[in-house]
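According to the numbering used here, the residues represented by the sequence shown are 46 to 182, in order.
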Amino acid sequence: MTKELILNVQRSGLPIKISGMEFFFESSVESIERYQETHDEIMASLDNIEPASSKNADGIEAIKEALTVAFDSFLGKGAFETLYKKFPDVLALVDVFLAVVEGIDEYVKEFAAKQFDGSKAIMKEYEEKKKQIKMRK
């Protein structure tokens, strides 16, 4: 008889709902590293955009481009387009993005603290087992 090992891997992260639309921020090490690497750059690009107005179409397009990169980087490809279809208001979406970043920042800090505490506990257990093995010798 052949044995079978069945493992289910669950995605970990932060579900984000924006006016009924669901997005997901993954908390894999790779995703968090990517978030941390791109966060400052994306925020700087939003800060450097000329104010948008009805007379400044270039400003509106620049904001849309920056928000596309920002939302898609943090919430997945197509996130900005999905939001903009439902809410064609770049200034409102800037506010939404800032709230998303605030929530992700808080989540990442809590997640990192849990990971650090978990790593400390594992290392402590490892050191204790190592001592027990030495004592047996």
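Cβ atoms here follow ideal geometry from the backbone N, Cα and C, with glycine treated the same way.
In terms of CA proximity to residue 119, 73 leads the group 73, 173, 159 and 65. Distances from the CA of residue 142 to each of 115, 158, 134 and 130 were compared; the closest alpha carbon is that of 115. For residue 68, the secondary structure class from DSSP, reduced to helix, strand or coil, is strand. Note: residue 58 is bridge-paired with 71 in the DSSP secondary-structure output. Residue 94 sits in coil when the DSSP states are folded into three classes, being neither helix nor strand. In this structure, residue 109 lies away from residue 146, with their beta-carbon atoms at least 8 Å apart.
As a beta-bridge residue in DSSP terms, residue 63 pairs with 66. Under the Cβ criterion (8 Å, minimum of three pairs), the segment 144-160 counts as touching the segment 60-76.
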